[in-house]
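Protein chains in written order, with the numbering used here: chain C, 75 to 545; chain P, 2 to 89.
Here it is, written out as structure tokens:
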């Protein structure tokens with residue numbers, strides 16, 4: 075065993091500690107003289123690739139020991155405690171030093187690193203040992219102590235249990251958990267960065283924590299930590315300058331022409347200029363809204379009767395005479411204004427669940443240029459909302475002009491003159507739907523006091539003639 | 002005028018009484034939405050005018066002939082059509 079212990083040496087240590095605590099500085103010099111050589115050898119074994127750092131590590135450990143011993147009168151087993159301090163300082167040193175600053179040609183102090191198979195294999199072995207030590211440095215302190223005492227010092231579980239003040243079974247459990255955590259860390263480090271970044275993005279999108287596996291990977295992956303930094307920076311930029319959620323992020327991606335490249339993921343790969351671009355766009359939108367015009371990529375897949383074909387895919391260019399306006403709010407209402415010449419059409423789904431979003435009574439789709447949207451259930455969160463805008467046709471209709479519509483449009487349309495009326499299958503018959511004030515309809519036929527009409531959404535039915543103007 | 006949600010529910014109930022006298026408003030009653038997000042349309046196949054969260058209370062005004070659509074009055078007096086299957 076590396077650290078043989080005898081009762082007489084322990085008694086000596088106890089006396090030295092008592093003298094030091096009584097103010098005798100010579101006692102500390104005696105402690106140093108007694109333990110330093112073994113501590114130095116121990117530190118050199120841990121810092122195999124940087125034996126020159128062992129002196130500093132032991133010096134640091136002894137300084138900490140001096141301060142701690144003078145600070146209180148707790149009973150202490152000096153020798154294992156000094157080794158523990160030295161080990162922690164050495165592991166701190168390994169964690170602190172970047173892997174790429176460790177000289178690969180450093181002389182190997184241990185047989186395990188002796189260059190037997192050539193530089194490539196030696197390099198690989200050193201990297202493996204270095205990785206393992208870095209992994210050990212990330213373990214919780216008790217696990218780290220138990221594992222190193224067991225694996226490096228060859229200490230028995232009884233000794234470890236005594237040092238940590240736990241049972242032998244708990245010591246075995248600590249060592250086992252430490253090995254398990256190291257294995258999990260290795261698996262996480264071997265994981266593909268693309269997968270980890272996808273999981274990070276999902277976590278940020280849903281507002282949940284990523285899995286422990288992802289965080290283990292992050293601890294050892296500079297590239298993925300940078301990716302997480304970009305996510306945070308972008309979110310902060312958006313929230314500070316213009317509160318909004320992922321709908322807004324999609325819009326920003328759309329503005330940057332990245333919607334077809336996985337949107338936010340694509341956005342992030344454009345770093346480092348991306349965050350600046352996001353901030354610039356956000357600044358442009360402060361106090362207002364984002365407007366995505368015809369020809370720019372759609373921020374989402376949109377189904378609407380006013381779109382040609384009834385749908386537009388996410389990332390596809392918005393059709394002519396169409397725009398999407400996006401805003402965000404934490405409050406009860408938000409107003410979105412369509413570009414000049416456009417009119418309010420569909421409301422798009424809010425980007426948060428559990429939220430009710432509706433047009434306020436002052437908003438008349440097809441007529442109003444500004445939509446006021448009332449929200450509830452936001453619970454103080456930023457909620458992104460958006461509307462679809464369309465330029466109305468000559469007949470006032472928002473729907474795209476088709477061949478049949480052209481034929482109907484040859485006659486001037488009538489307009490619904492009452493606040494709201496039902497569209498019926500036949501006069502005084504069952505209801506098919508409704509029409510609203512200002513809505514253009516084409517009169518297809520007449521009956522006493524009734525008109526057979528076709529709405530802008532292609533529905534036909536009967537409405538009272540008195541409720542129509544013109545036509 | 003936009004009412005806060007708690008007052009809107011009161012208004013809904015009040016509207017239920019009034020709606021009983023409205024032409025064509027048969028068997029007015031308050032129902033709850035069960036879909037995670039209920040889309041409210043201006044008319045069946047028309048424009049989207051609102052989204053209701055699960056559990057939103059609505060006043061049923063009318064059904065289409067095939068009962069596929071239900072006209073409702075929701076919070077803030079929004080009137081529109083929802084899929085009947087979205088109601089509990």
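In this text, a Cβ means the ideal position worked out from N, Cα and C, and glycines have one as well.
The model shown is predicted, which means the values in this text are computed figures rather than measured ones.
Evaluate residue i with the Cβ neighbour count: other Cβ atoms within 10 Å of its Cβ, from every protein chain shown; 16 or more gives buried, anything less gives exposed.
{"i": "residue 80(C)", "result": "Any reading at residue 80(C) needs caution, since the residue's pLDDT is 46, under 50, leaving its predicted position unreliable; the model's value is listed next. The residue is exposed, with fewer than 16 neighbouring Cβ atoms inside 10 Å."}
{"i": "residue 264(C)", "result": "exposed"}
{"i": "residue 528(C)", "result": "buried"}
{"i": "residue 24(P)", "result": "Caution applies to residue 24(P), whose pLDDT of 41 falls short of 50 and renders its modelled position unreliable; the model cannot decide the point."}
{"i": "residue 385(C)", "result": "exposed"}
{"i": "residue 118(C)", "result": "buried"}
{"i": "residue 440(C)", "result": "buried"}
{"i": "residue 426(C)", "result": "buried"}
{"i": "residue 269(C)", "result": "exposed"}
{"i": "residue 401(C)", "result": "buried"}
{"i": "residue 292(C)", "result": "buried"}
{"i": "residue 179(C)", "result": "Here the model assigns residue 179(C) a pLDDT of 47, short of 50, so the residue's position is not dependable, and the following value carries that caveat. That one is exposed."}
{"i": "residue 525(C)", "result": "buried"}
{"i": "residue 254(C)", "result": "exposed"}
{"i": "residue 363(C)", "result": "buried"}
{"i": "residue 541(C)", "result": "buried"}
{"i": "residue 487(C)", "result": "buried"}
{"i": "residue 100(C)", "result": "exposed"}
{"i": "residue 195(C)", "result": "exposed"}
{"i": "residue 77(P)", "result": "buried"}
{"i": "residue 575(C)", "result": "Residue 575(C) falls outside the range modelled here, since chain C spans only 75 to 545, and no answer is possible."}
{"i": "residue 379(C)", "result": "buried"}
{"i": "residue 198(C)", "result": "exposed"}
{"i": "residue 297(C)", "result": "exposed"}
{"i": "residue 450(C)", "result": "buried"}
How would you write the range of the alpha helix (DSSP H) that residue i sits in, first residue to last?
{"i": "residue 217(C)", "result": "215-225"}
{"i": "residue 145(C)", "result": "128-145"}
{"i": "residue 364(C)", "result": "Careful: residue 364(C) lies outside any alpha helix (DSSP H), inside the beta strand (DSSP E) at 364-366."}
{"i": "residue 233(C)", "result": "231-238"}
{"i": "residue 106(C)", "result": "99-120"}
{"i": "residue 292(C)", "result": "286-294"}
Which residues bound the beta strand (DSSP E) around residue i?
{"i": "residue 433(C)", "result": "430-433"}
{"i": "residue 535(C)", "result": "534-538"}
{"i": "residue 461(C)", "result": "457-464"}
{"i": "residue 250(C)", "result": "Element bounds for residue 250(C): not the beta strand (DSSP E) but the alpha helix (DSSP H), 242-264."}
{"i": "residue 419(C)", "result": "417-422"}
{"i": "residue 38(P)", "result": "38-42"}
{"i": "residue 542(C)", "result": "542-544"}
Could you pull the DSSP bridge partners for residue i from this structure?
{"i": "residue 70(P)", "result": "84(P)"}
{"i": "residue 58(P)", "result": "33(P)"}
{"i": "residue 411(C)", "result": "444(C)"}
{"i": "residue 449(C)", "result": "431(C)"}
{"i": "residue 510(C)", "result": "494(C)"}
{"i": "residue 516(C)", "result": "528(C)"}
{"i": "residue 400(C)", "result": "364(C) and 460(C)"}
{"i": "residue 377(C)", "result": "385(C)"}
{"i": "residue 228(C)", "result": "In the DSSP output, where bridge partners are listed per residue, residue 228(C) has none listed."}
{"i": "residue 52(P)", "result": "431(C) and 40(P)"}
{"i": "residue 488(C)", "result": "515(C) and 544(C)"}
{"i": "residue 307(C)", "result": "The partner list for residue 307(C) (beta bridge, DSSP) is empty, contrary to what the question assumes."}
{"i": "residue 505(C)", "result": "498(C)"}
{"i": "residue 63(P)", "result": "72(P)"}
{"i": "residue 521(C)", "result": "524(C)"}
{"i": "residue 371(C)", "result": "391(C)"}
Out of the options, which has the shortest C-alpha to C-alpha gap to residue i?
{"i": "residue 115(C)", "options": "499(C), 227(C) and 96(C)", "result": "227(C)"}
{"i": "residue 260(C)", "options": "249(C), 245(C), 233(C) and 288(C)", "result": "288(C)"}
{"i": "residue 418(C)", "options": "397(C), 306(C) and 103(C)", "result": "397(C)"}
{"i": "residue 464(C)", "options": "455(C), 451(C), 452(C) and 442(C)", "result": "442(C)"}
{"i": "residue 494(C)", "options": "438(C), 516(C) and 456(C)", "result": "438(C)"}
{"i": "residue 531(C)", "options": "544(C), 446(C) and 515(C)", "result": "515(C)"}
{"i": "residue 534(C)", "options": "46(P), 33(P), 39(P) and 31(P)", "result": "46(P)"}
{"i": "residue 243(C)", "options": "220(C), 303(C), 195(C) and 161(C)", "result": "220(C)"}
{"i": "residue 405(C)", "options": "456(C), 382(C), 120(C) and 436(C)", "result": "456(C)"}
Closer than 7 Å by beta-carbon distance: list the chain D residues that pair up with residue i, in chain order.
{"i": "residue 505(C)", "result": "Of the protein chains in the structure, C and P, none is chain D."}
Quiz item: Below 8 Å, can you find three or more Cβ-Cβ pairs linking the stretch 56-70 of chain P to the stretch 505-514 of chain C?
Solution: As far as the Cβ criterion goes, the stretch 56-70 of chain P touches the stretch 505-514 of chain C, which means the pair count is three or higher.
Quiz item: Just checking, does the stretch 140-155 of chain C make contact with the stretch 84-93 of chain C on the three C-beta pairs under 8 Å criterion?
Solution: yes
Exercise. Would you check if there are 3 or more beta carbon pairs closer than 8 Å linking the stretch 367-377 of chain C to the stretch 386-393 of chain C?
Key: Short answer: they touch.
Quiz item: Should the stretch 42-53 of chain P be regarded as contacting the stretch 428-437 of chain C, the criterion being three or more beta carbon pairs within less than 8 Å?
Solution: yes
Quiz item: Using 8 Å as the Cβ pair cut-off and three pairs as the minimum, do the stretch 235-250 of chain C and the stretch 206-219 of chain C touch?
Solution: The stretch 235-250 of chain C is in contact with the stretch 206-219 of chain C.
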